[in-house]
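Numbering of the sequence shown is given in the working numbering, commencing with residue 36 and proceeding in unit increments.
For glycine and all other residues, C-beta sits at the position ideal for the given N, C-alpha and C.
Note that the coordinates shown come from a computational prediction; the quantities given were computed from them, not determined experimentally.
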Amino acid sequence: MHNSLSKEIRKLIIDAAFNAKHGHIPSALSIVEIIVAVHSIKNNQDEFILSKGHGCLALYSYLVTQNKLTKQELQNFGKKGSRLGGHPDRNKVKEIYASTGSLGHGLPIAVGAALARKIQKIPGLIYCIVGDGESNEGTIWESFTLAAKHNLNNLVCIVDNNKSQTRSLPTTNLASKIKAFGWEVIETDGHCVDDLIKVLKYNKSNKPFAIVADTVKGKGVSDIENDMFAWHHRAPSKEEYTNFINEINEA
Numbered sequence: 036m037h038n039s040l041s042k043e044i045r046k047l048i049i050d051a052a053f054n055a056k057h058g059h060i061p062s063a064l065s066i067v068e069i070i071v072a073v074h075s076i077k078n079n080q081d082e083f084i085l086s087k088g089h090g091c092l093a094l095y096s097y098l099v100t101q102n103k104l105t106k107q108e109l110q111n112f113g114k115k116g117s118r119l120g121g122h123p124d125r126n127k128v129k130e131i132y133a134s135t136g137s138l139g140h141g142l143p144i145a146v147g148a149a150l151a152r153k154i155q156k157i158p159g160l161i162y163c164i165v166g167d168g169e170s171n172e173g174t175i176w177e178s179f180t181l182a183a184k185h186n187l188n189n190l191v192c193i194v195d196n197n198k199s200q201t202r203s204l205p206t207t208n209l210a211s212k213i214k215a216f217g218w219e220v221i222e223t224d225g226h227c228v229d230d231l232i233k234v235l236k237y238n239k240s241n242k243p244f245a246i247v248a249d250t251v252k253g254k255g256v257s258d259i260e261n262d263m264f265a266w267h268h269r270a271p272s273k274e275e276y277t278n279f280i281n282e283i284n285e286a
C-alpha cells in the first residue's frame with residue numbers, strides 16, 4: 036500500500052512541475068516516504084511543519100491523494116491565482132500549519148509550538164521536516180539547543196539527509212552532532228515507510244526526538260538522481276516527462 040502511494044505522489048510531483056514549467060523536483064522526491072510515514076501515524080492532535088518548504092510539491096501531492104486538494108489545483112501549481120505556490124502558505128491551504136520556505140524558519144516555529152503546548156498542557160506532537168542543507172542555518176542549531184533545554188519530548192524533527200549540504204559542509208556525523216545538543220537521535224532508511232513508522236513510534240525519553248533519514252535527492256527518477264543539482268529548479272521536457280512517468284510506473 037505504501038509503495039503504491041509513494042509512486043502516485045512521485046508521478047504527481049513530476050506532473051505538477053511539467054505543467055508549471057518549474058519546481059524543486061529533487062527536494063520533493065527525497066521526502067515522499069517521510070511525508071507518507073508521518074501522516075500515517077499523525078493524529079488530529081498533532082501538527083506537521085515542512086521546514087524545507089521548497090519541497091512542497093511532495094506535500095501538495097500527498098494532499099491530492101487524500102482528497103484535500105484536487106489534481107486540477109496541483110496542475111495550476113505556481114500559476115497566477117493559484118493557492119499553491121513555490122513555498123507552502125498557511126493562509127491559503129488549511130492543512131498547512133506554518134508558512135515556510137525561508138530556510139531555517141520552520142524548526143524554530145516547531146519549537147515554539149511544542150513549548151507552548153508544554154506550558155498549556157496541550158496533548159499532541161509537533162512533527163517537523165528539515166533538510167540537511169537547511170541545517171547549515173544557525174537557527175536550526177539554536178532551535179536544537181532551546182528544545183533540549185526545555186525537554187520538548189513532544190517535538191519530532193526528521194532530517195531529510197539527501198546529501199545536499201555536501202556543497203558546503205561535510206554530511207558526516209550529523210546524528211552525533213544533534214545528539215550532542217541533547218536530543219534523542221535515531222538514523223534510518225528515509226525511503227522505507229515501514230522503517231520510518233517503526234522509528235516514529237519509538238518510545239521516547241524526556242528529550243526531543245530527531246530522526247536522521249538517509250535519502251537520495253531525486254529518488255525514483257534515475258536521470259535526476261544522477262544529476263540532482265542540474266535539476267534543482269528546472270522542469271522536464273515532454274520527452275523527459277514521459278520517460279520519468281514510465282520509470283516510476285515500472286519501479
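Take Ala55, set aside five residues on each side of it, and the residues of its chain with a beta-carbon closer than 6 angstroms to its own are Phe112 and Gly113, in chain order. Annotation: Asn197 is outside any beta strand (DSSP E) and is labelled neither H nor E by DSSP. Taking the Cα positions, Ser178 is about 7 angstroms away from Leu142. Within the DSSP secondary-structure output, Phe244 pairs in a beta bridge with Val191 and Glu219. Residue environment analysis places Arg152 among the buried positions, since at least 16 neighbouring C-beta atoms fall within 10 angstroms of its C-beta.
Sequence-distant partners of Val220 (beyond 5 residues in either direction) whose C-beta falls short of 6 angstroms from its own C-beta, in its chain, are Ala210, Ile213, Lys214 and Ala245. Looking at the DSSP output, Tyr162 bridges to Phe83 and Val191. Apart from sequence neighbours up to five positions away, the residues of its chain that approach Lys103 with a beta-carbon distance below 6 angstroms are Glu130, ordered along the chain. Rounded to the nearest whole angstrom, the C-alpha separation of Ile232 and Val73 is 7 angstroms. The Cβ-Cβ distance between Asp249 and Asn196 falls below 8 angstroms.
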